[in-house]
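Q:
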Amino acid sequence: MFEQFSRGYYLGRLYVEPRDDAAAAMCREQHERVNEQLYASSEGVERTDYPLVMKLGSQHFAVHGDEQVPADTLVVPEAMLEDANVRNPPSLEEVFLAKADHAAQLLSISEGTPTLPDTAV
16 MFEQFSRGYY LGRLYVEPRD DAAAAMCREQ HERVNEQLYA SSEGVERTDY
66 PLVMKLGSQH FAVHGDEQVP ADTLVVPEAM LEDANVRNPP SLEEVFLAKA
116 DHAAQLLSIS EGTPTLPDTA V
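Per the working numbering, the sequence shown starts with residue 16, numbered consecutively.
Printed below as a string of structure tokens:
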């Protein structure tokens, strides 16, 4: 779903569509799998419910898992679609996923968002 892109990001393509909720989300099963593969450390059992940090356009945001969201889809607030220049959703778009260390930095500066554990590198 995501591949190496740079030192700070993975690159993926997801269908992006609007959501009435103020929070971004993706398929819960895929969220947990990506979280486990890319964010969890190799030291024992890790939580897989930490938010993923994605970038669409120039905006970074936390993404949670949601059972109501179909596979390979990212749902975001309507205003975010406008800011990212997404036209005629659902639209297949390039989405950047911050790597664990970069995600921890981004989440730590966001108010009210839990940070990843120090072991997630």
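Where is the CB? At the ideal position from N, CA and C, for every residue including glycine.
1) I need the boundaries of the beta strand (DSSP E) containing Gln74, first residue and last residue.
2) When the Cα of Val110 is compared with those of Glu93, Leu53, Thr88, which residue comes out closest?
3) Judging by CA-CA distance, which residue of Phe76, Gln52, Ala55, Ser106 is the nearest neighbour of Arg28?
4) Give me, in chain order, the residues of the same chain whose beta-carbon lies closer than 6 angstroms to that of Ala39; leave out the 5 immediate sequence neighbours on both sides.
5) DSSP has Arg34 in a bridge; who is on the other side?
6) For Glu108, count the other beta carbons within 10 Å of its own beta carbon; 16 or more makes it buried, fewer makes it exposed. Which is it?
7) Figure out for me which residue from Asn100, Phe20, Tyr54 has the closest Cα to the Cα of Gln74.
A: To lay it out plainly:
1) Working through the sequence shown from its first residue, we reach residue 74 at position 59. Start and end: 74-81.
2) As a first step, residue 110 must be located in the sequence shown, where it is residue number 95. Considering only alpha carbons, the answer is Thr88.
3) Residue numbering aside, residue 28 sits at position 13 when the sequence shown is read from its first letter. Checked all of Phe76, Gln52, Ala55, Ser106; the closest Cα to Arg28 is Ser106.
4) Reading the sequence shown from its first residue, position 24 is the one you call residue 39. Same-chain partners within the cutoff: Phe76, Val78, Val91.
5) As a first step, residue 34 is located in the sequence shown; it is residue number 19 there, counting from the start. Its beta-bridge partners are Pro92.
6) On the sequence shown, position 93 is the one that residue 108 refers to. Looking at its Cβ environment, which holds 16 or more other Cβ atoms inside 10 Å, Glu108 is buried.
7) Your numbering for residue 74 matches position 59 in the sequence shown. It is Asn100 whose Cα lies nearest to the Cα of Gln74.
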